[in-house]
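Below: one structure, written as structure tokens.
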Amino acid sequence: MIIPFHYPRLPLGFLLLITLFLVSLLTLPTVEARIRHYKWEVKYEYKSQDCYKKLVITINGKTPGPSIIAQQGDTVVVELKNSLLTENVAIHWHGIRQIGTPWSDGTEGVTQCPILPGETHTYKYVVDKPGTYLYHAHYGMQRAAGLYGSIRVSVPDGVAVPFSYDYDRSIILTDLYHNSTYEQATGLSSKPFVWVGEPQSLLIQGRGRYNCSLLSSSSLEAGLCNTTNPECSPYFITVVPGKTYRLRISSLTSLSALNFEIEGHNMTVVETDGHYVEPFVIKNLNIYSGETYSVLVKADQDSSRNYWAAVNVISRKPQTPTGLAIFNYYPNHPRRSPTTTPPTGSLWNDSDYLLAQSLAIKARQGYIEPPPLTSDRVITFLNTQNQIDGYRKWAVNNVSFTLPNTPYLIALKQNWTHVFDQSSPPENYDSANYDIYSTPKNFNATSSNAIYRLKFNSTVDVILQNGNTMIDNNSETHPWHLHGHDFWVLSYGKGKFDSVNDPKKYNLVNPIKKNTVPLHSYGWTALRFRANNPGVWAFHCHIEPHFYMGMGVVFEEGVEKVGKLPTSIMGCGETKSLIRP
Ligand SMILES: *[C@@H]1O[C@H](CO)[C@@H](O)[C@H](O)[C@H]1NC(C)=O
Ligand SMILES: *[C@@H]1O[C@H](CO)[C@@H](O)[C@H](O)[C@H]1NC(C)=O
Ligand SMILES: *[C@@H]1O[C@H](CO)[C@@H](O)[C@H](O)[C@H]1NC(C)=O
Ligand SMILES: *[C@@H]1O[C@H](CO)[C@@H](O)[C@H](O)[C@H]1NC(C)=O
Ligand SMILES: *[C@@H]1O[C@H](CO)[C@@H](O)[C@H](O)[C@H]1NC(C)=O
Ligand SMILES: *[C@@H]1O[C@H](CO)[C@@H](O)[C@H](O)[C@H]1NC(C)=O
Ligand SMILES: *[C@@H]1O[C@H](CO)[C@@H](O)[C@H](O)[C@H]1NC(C)=O
Ligand SMILES: *[C@@H]1O[C@H](CO)[C@@H](O)[C@H](O)[C@H]1NC(C)=O
Ligand SMILES: *[C@@H]1O[C@H](CO)[C@@H](O)[C@H](O)[C@H]1NC(C)=O
Ligand SMILES: *[C@@H]1O[C@H](CO)[C@@H](O)[C@H](O)[C@H]1NC(C)=O
Ligand SMILES: [Cu+2]
Numbered sequence: 001m002i003i004p005f006h007y008p009r010l011p012l013g014f015l016l017l018i019t020l021f022l023v024s025l026l027t028l029p030t031v032e033a034r035i036r037h038y039k040w041e042v043k044y045e046y047k048s049q050d051c052y053k054k055l056v057i058t059i060n061g062k063t064p065g066p067s068i069i070a071q072q073g074d075t076v077v078v079e080l081k082n083s084l085l086t087e088n089v090a091i092h093w094h095g096i097r098q099i100g101t102p103w104s105d106g107t108e109g110v111t112q113c114p115i116l117p118g119e120t121h122t123y124k125y126v127v128d129k130p131g132t133y134l135y136h137a138h139y140g141m142q143r144a145a146g147l148y149g150s151i152r153v154s155v156p157d158g159v160a161v162p163f164s165y166d167y168d169r170s171i172i173l174t175d176l177y178h179n180s181t182y183e184q185a186t187g188l189s190s191k192p193f194v195w196v197g198e199p200q201s202l203l204i205q206g207r208g209r210y211n212c213s214l215l216s217s218s219s220l221e222a223g224l225c226n227t228t229n230p231e232c233s234p235y236f237i238t239v240v241p242g243k244t245y246r247l248r249i250s251s252l253t254s255l256s257a258l259n260f261e262i263e264g265h266n267m268t269v270v271e272t273d274g275h276y277v278e279p280f281v282i283k284n285l286n287i288y289s290g291e292t293y294s295v296l297v298k299a300d301q302d303s304s305r306n307y308w309a310a311v312n313v314i315s316r317k318p319q320t321p322t323g324l325a326i327f328n329y330y331p332n333h334p335r336r337s338p339t340t341t342p343p344t345g346s347l348w349n350d351s352d353y354l355l356a357q358s359l360a361i362k363a364r365q366g367y368i369e370p371p372p373l374t375s376d377r378v379i380t381f382l383n384t385q386n387q388i389d390g391y392r393k394w395a396v397n398n399v400s401f402t403l404p405n406t407p408y409l410i411a412l413k414q415n416w417t418h419v420f421d422q423s424s425p426p427e428n429y430d431s432a433n434y435d436i437y438s439t440p441k442n443f444n445a446t447s448s449n450a451i452y453r454l455k456f457n458s459t460v461d462v463i464l465q466n467g468n469t470m471i472d473n474n475s476e477t478h479p480w481h482l483h484g485h486d487f488w489v490l491s492y493g494k495g496k497f498d499s500v501n502d503p504k505k506y507n508l509v510n511p512i513k514k515n516t517v518p519l520h521s522y523g524w525t526a527l528r529f530r531a532n533n534p535g536v537w538a539f540h541c542h543i544e545p546h547f548y549m550g551m552g553v554v555f556e557e558g559v560e561k562v563g564k565l566p567t568s569i570m571g572c573g574e575t576k577s578l579i580r581p
């Protein structure tokens, strides 16, 4: 460092200031946030992710798309070009709360108009919290076509993570259907109803393996399914003996709840949805669509061989083969398949095990954000399978959700009362007279695009209540995802929620905060959040066909505090008048 004595003509005070400035540069951590700029082109391409060749949506030629890697406080700018030719698009930044930028949430119909073919749309938002997040399409059933990827936000310089590891890896789990999302959506909205069925394959970081022999010989001859295709060679996680790996495991399945296991290795859960977890050791991880977890795995087993990393379907009777990756000890060859039988995970219908693992997830000591001890409003959502005019639906409190043509955020800022149903949707169901264990006598529900208006900064409890589907002795698991917020998970329970006694069992001491939470079969889940993020936020089942069939609601809070909306989110429905007067 140059000592400023060499410049005697400068006044002493000025020299002192320069010295202080130079010293401060050397000692203070840099706090300057960066801009992370991405240019993405979205288009259809043929891929053979599970050896079966089909059309998928790619970003810059890839599915999963490019990872967003940023540091807390950075601004992410994604310039998205829609090259799908005949299809709209919108991308949701899953787990990013969009504080101050509710128009960048990417939820078509809620916070923006769809991005038309040929158009370029720019998303811009701040990643204000370290953790593991995702992005994915939020238009129709487009996510299932392959439009997704991971977001990794690191802690600021000079801030420590409360656990140590040598390497960091992001792994997305998905399920794959050979039918297109259009065929699926058509079946779901037809009379008679055609269910999408169970997926053909489970993918680990976009790779799986279908048994091509199950197909007709003509499709094999056409080269549609070829197990020697390098695109479907298994994903491998190469590890150095003795090192610890932070695996950021996330699920963006269309339907399946999954169990993730690495043969012969335990995992320590340390983070979920961007919040530190009080560490606990597991043999395998139950993960529901929309959730993210960081687990620590130590490469401390016999390194002369490789091990399977396996995903299996849970909570529905499995009809999809185990999805496999290779946990590869360096310097073994990564494609050297273990000769052992792959793990089959936990029993798919062991509901006690599923519930126990959900209950084991608590906020880490030293990082607890205590919840408000009371709430201002309790909204109960009964989840049911229904019928409307003979069409199969899902509903909450007997209302099946539909999206308006004019996005809510724009309609509310414009005070337009004619573009969506202004009534207040039901806060409860007839819990005294409703038997959650039996098949309803009347499946008929109504459909609506009415929304829940929350008092700004009020504390809201949501009780998710499960029940029986339209099939006897059947209740499905629903992972619920809230946009714009992290909620406290107060508790989970079996059976019907008891509004007098169950709140006494709430965890108000160290509840975990999350953005996605399972509602277990025949059970309930209680959440609390503060309505302090001005905007309009979707809250929905993360199962792609369920949301498509109406399993969701929308919350509005403090919309009058939202700044001027960018015209780039407009152009559909009534909003045409705002950009082309
Ligand atoms: C795929 O779509 C076709 C219609 O194109 C339908 O007949 C078939 O049942 C679907 N297959 C599955 C497995 O859903
Ligand atoms: C693939 O399917 C064929 C035909 O059903 C069956 O004989 C074979 O065992 C299957 N292979 C595997 C690895 O499951
Ligand atoms: C399968 O792919 C391999 C190369 O990966 C090729 O040699 C073989 O001919 C293909 N089989 C069929 C039936 O297309
Ligand atoms: C995994 O954890 C269990 C229970 O704590 C323990 O019994 C087992 O030895 C551990 N396995 C490995 C490979 O560390
Ligand atoms: C779980 O499913 C298996 C079949 O996959 C069945 O044999 C078993 O009885 C079921 N267990 C429970 C607790 O329902
Ligand atoms: C349900 O609605 C249909 C009309 O879509 C009607 O025909 C039927 O009677 C209703 N069922 C009951 C039990 O009300
Ligand atoms: C909507 O109503 C609010 C409150 O009455 C008012 O402040 C605002 O200017 C209105 N916005 C428009 C676009 O008319
Ligand atoms: C839904 O509405 C139908 C018809 O109005 C009614 O018979 C049924 O009991 C309601 N179901 C629930 C869960 O409220
Ligand atoms: C929101 O409520 C909390 C708790 O009552 C209070 O501390 C905070 O100041 C409020 N914030 C605003 C913006 O009203
Ligand atoms: C449903 O379960 C109950 C109690 O376990 C049993 O009595 C009944 O027979 C079952 N119904 C069907 C259709 O399986
Ligand atoms: Cu669902």
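The sequence shown stops at residue 581 when you use our numbering, and every number in between is there. By construction, the Cβ of each residue, glycine as well, lies at the ideal position given by its N, Cα and C atoms.
Are the Cβ atoms of residue i and residue j separated by less than 8 Å?
i: Tyr-293; j: Leu-285; result: yes
i: Val-311; j: Ile-237; result: no
i: Leu-382; j: Tyr-429; result: yes
i: Ala-531; j: Val-554; result: no
i: Leu-252; j: Ser-289; result: yes
i: Asn-449; j: Pro-404; result: yes
i: Pro-199; j: Thr-320; result: yes
i: Ile-249; j: Leu-173; result: yes
i: Pro-66; j: Tyr-38; result: yes
i: Glu-544; j: Ala-144; result: yes
i: Tyr-44; j: Leu-84; result: yes
i: Glu-263; j: Tyr-210; result: no
i: Gly-106; j: Tyr-123; result: yes
Can you say whether residue i is buried or exposed, counting buried as having 16 or more other CB atoms within 10 angstroms of its CB?
i: Val-509; result: exposed
i: Ser-475; result: buried
i: Glu-183; result: exposed
i: Ile-379; result: buried
i: Gly-390; result: exposed
i: Met-549; result: buried
i: Ala-432; result: exposed
i: Thr-392; result: The displayed chain sequence assigns Arg, not Thr, to residue 392. Under this definition Arg-392 is a buried residue.
i: Glu-556; result: buried
i: Leu-373; result: exposed
i: Asn-473; result: exposed
i: Ile-326; result: buried
i: His-418; result: exposed
i: Val-89; result: buried
i: Ile-471; result: exposed
i: Ile-35; result: exposed
i: Ser-245; result: Before going further, note that residue 245 is Tyr rather than Ser in the sequence given. Its Cβ being crowded by 16 or more others within 10 Å, Tyr-245 is buried.
Starting from residue i, trace the beta strand (DSSP E) in both directions and tell me its first and last residue.
i: Thr-75; result: 75 to 82
i: Lys-124; result: 120 to 126
i: His-94; result: 91 to 94
i: His-540; result: 535 to 541
i: Leu-454; result: 452 to 454
i: Ser-251; result: 244 to 251
i: Leu-464; result: 459 to 465
i: Leu-508; result: No beta strand (DSSP E) contains Leu-508, which DSSP labels as neither H nor E.
Please return the same chain residues whose Cβ sits closer than 8 Å to the Cβ of residue i, not counting the five positions on each side in sequence.
i: Cys-212; result: Cys-51, Tyr-52, Leu-220, Cys-225, Asn-226, Thr-227
i: Leu-409; result: Pro-102, Trp-103, Val-110, Thr-111, Gln-112, Gly-535, Val-536, Val-559, Val-562, Leu-565, Ile-569
i: Thr-567; result: Leu-578, Ile-579
i: Val-155; result: Gln-71, Gln-72, Pro-130, Val-161
i: Lys-576; result: Met-570
i: Phe-529; result: Thr-459, Val-460, Val-462, Leu-482, His-485, Asp-486, Phe-487, Trp-488
Among residues of its own chain, excluding the 5 on either side of residue i, which ones have a beta-carbon nearer than 6 Å to its beta-carbon?
i: Cys-486; result: A small correction: the amino acid at residue 486 is Asp; Cys does not occupy that position in the sequence shown. Lys-513, Asn-515, listed in sequence order.
i: Thr-439; result: Asn-468, Asp-472
Mind checking which residues open and close the alpha helix (DSSP H) that includes residue i?
i: Asp-352; result: 351 to 359
i: Phe-547; result: 544 to 548
Quiz item: In the stretch 254 to 331, which residue ranges form an unbroken beta strand (DSSP E) of at least 3 residues, counting only runs that do not cross its ends?
Solution: Given a length threshold of 3 residues, each whole run of the beta strand (DSSP E) inside the stretch 254 to 331 is given here in chain order: 257 to 262, 267 to 272, 275 to 282, 284 to 287, 292 to 298, 307 to 314, 323 to 329.
Self-check item: Continuous alpha helix (DSSP H) assignments of at least 4 residues falling wholly in the stretch 152 to 206
Solution: Fully enclosed alpha helix (DSSP H) runs of 4 or longer: 181 to 188.
Quiz item: What residue ranges within the stretch 387 to 414 form continuous alpha helix (DSSP H) runs of no fewer than 4 residues, ordered along the chain?
Solution: Every alpha helix (DSSP H) of 4 residues or more that sits fully in the stretch 387 to 414 is shown, in chain order, as 408 to 413.
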